[in-house]
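Trainee: Letter by letter, the sequence shown follows residues 1 to 218 in full-length UniProt numbering.
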Amino acid sequence: MSVKPFASVVVGAAALALVAGCSGGETNKGGMPVGEGSGGRTVTLGTPTPEPSTTGTPKPTAPAKTTVAPPAAQITIVPGSFASKPAVQGLVAKYPLYYQALVQRKSDIIKTSFPAFFYADTAVNIEAARQSGWVMRPPGSVVVVGTANRPDGVIRVNLCRSQRMQWWNPKTRKWVIVAPRGTAEAIDMVRTGLGWTMYRMVRPVPKGINCSAVRYPA
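(1) Is the distance from the Cβ of residue 107 to the Cβ of residue 127 below 7 Å?
(2) Given that a residue counts as buried once 16 or more other Cβ atoms are within 10 Å of its Cβ, and exposed if not, what is residue 149?
(3) Reducing DSSP to helix, strand and coil, say where residue 214 ends up.
(4) Please list, in chain order, all residues of the same chain as residue 166 whose beta carbon is under 7 Å from its beta carbon, the five residues on each side excluded.
(5) May I ask you to list the residues that DSSP assigns as paired with residue 166?
(6) To the nearest angstrom, how far is the alpha carbon of residue 134 from that of residue 109?
(7) Is residue 197 buried or exposed, if buried means 16 or more other CB atoms sit within 10 Å of its CB?
(8) What residue does the beta strand (DSSP E) around residue 209 start on, and which one ends it?
(9) Between residue 90 and residue 201, is the Cβ-Cβ spacing less than 7 Å?
(10) For the candidate residues 203, 195, 185, whose alpha-carbon lies nearest to that of residue 211?
(11) Excluding five sequence neighbours on each side, which residues of the same chain lie with their C-beta closer than 7 Å to the C-beta of residue 60?
(12) Unbroken beta strand (DSSP E) runs of length 3 or more, entirely within the segment 90-150: which are they?
(13) Flag this pair as yes or no: are the beta carbons of residue 145 and residue 158 separated by less than 7 Å?
(14) Give me, in chain order, the residues of the same chain whose beta-carbon lies closer than 6 Å to that of residue 170; leave out the 5 immediate sequence neighbours on both sides.
(15) I'd like the list of long-range same chain contacts for residue 86, defined as Cβ closer than 7 Å, with 5 residues on each side in sequence excluded.
(16) For residue 193, name the three-state secondary structure that DSSP assigns.
(17) Alpha carbon to alpha carbon, how far is residue 172 from residue 192? Give it in angstroms, no decimals.
(18) So which of 161, 104, 156, 95 has the shortest CA-CA distance to residue 187?
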């Protein structure tokens, strides 16, 4: 299957566009999966650390005490009953790299790991978050809750991200909890010469993605 070129890609400029709402428009296909025990893939990401609010000449300090480093952030991707779909398999393989770019706020990860159209769709928001000081704490798990066929051979994959996803607000100097029951997300996937890959983040999030009943493994 081939995908004809798309005319344009709309890029969101605000850093908070990375945060999706809890509900949104496609009806879940195949029922609501349960994240627990669904054979998810777990990947380790860098631990997000807020930057200091001020900079200056460092002062001499006493030798630091030996401390235990915080555990690296992990994200488990659970395909559930959609694991056999090629588009979902492509998402499971690629999605961790996307979150690595979000956590580290490095759009170059997208540039070197994804086609140009996905880089154009996401890089502006990643750079905006970096420049404004927003830091992501990734969700512990992401559960696939549905798929839908779209025009031009596109497959839309609907996801729910666990409650552990938070953002560090540099103005209030607090972690912001996005949603108590997780957040919805939709990603359009296309088939390229290298297999299925992420094409664009769907904004706004379509209605009908219900995350309230999803049980997350992490």
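In this text, a Cβ means the ideal position worked out from N, Cα and C, and glycines have one as well. Remember, it's a predicted structure, so these values are computed and weren't measured experimentally.
Mentor: Checking against the coordinates, here is how it stands:
(1) Taking the first residue of the sequence shown as position 1, residue 107 is located at position 107. Taking the first residue of the sequence shown as position 1, residue 127 is located at position 127. A contact, by the Cβ cut-off of 7 Å.
(2) Your numbering for residue 149 matches position 149 in the sequence shown. Burial call: exposed.
(3) Indexing the sequence shown from 1 puts residue 214 at position 214. Note: residue 214 maps to coil in three-state DSSP.
(4) Taking the first residue of the sequence shown as position 1, residue 166 is located at position 166. Only 137, 175, 176, 177, 178 meet the Cβ criterion.
(5) Locating residue 166 in the sequence shown gives position 166, where the first residue counts as 1. 137, 177.
(6) For this step, residue 134 is matched to residue 134 along the sequence shown. For this step, residue 109 is matched to residue 109 along the sequence shown. Cα to Cα, residue 134 sits roughly 18 Å from residue 109.
(7) As a working mapping, residue 197 is identified with position 197 in the sequence shown. The residue in question, residue 197, is buried, as its Cβ has 16 or more Cβ neighbours within 10 Å.
(8) Locating residue 209 in the sequence shown gives position 209, where the first residue counts as 1. Premise fails: residue 209 is in no beta strand (DSSP E) and is neither H nor E.
(9) The residue labelled residue 90 in the question sits at position 90 within the sequence shown. The residue labelled residue 201 in the question sits at position 201 within the sequence shown. No. Outside cutoff.
(10) On the sequence shown, position 211 is the one that residue 211 refers to. Residue 211 has its Cα closest to that of 185, out of 203, 195, 185.
(11) Looking up residue 60 in the sequence shown gives position 60. For residue 60, the pLDDT reaches just 49, beneath the cut-off of 50, and the residue's location in the model is therefore unreliable, leaving the point undetermined.
(12) 135-137, 141-149
(13) The count along the sequence shown starts at 1 and reaches residue 145 at position 145. The count along the sequence shown starts at 1 and reaches residue 158 at position 158. Taking 7 Å as the Cβ cut-off, residue 145 and residue 158 qualify as a contacting pair.
(14) Here residue 170 refers to the residue found at position 170 when the sequence shown is read from its first residue. 133.
(15) Mapped onto the sequence shown, residue 86 falls at position 86. If we look at residue 86 and ignore the five residues flanking it on each side, its Cβ neighbours are 196.
(16) Stepping through the sequence shown from its first residue, residue 193 is reached at position 193. Residue 193 falls in the coil class under three-state DSSP.
(17) For the purposes of this step, residue 192 is taken as residue 192 along the sequence shown, with counting starting at 1. For the purposes of this step, residue 172 is taken as residue 172 along the sequence shown, with counting starting at 1. Roughly 43 Å separates the two Cα atoms.
(18) Along the sequence shown, one-based indexing puts residue 187 at 187. If we check each option's Cα against that of residue 187, 156 comes out closest.
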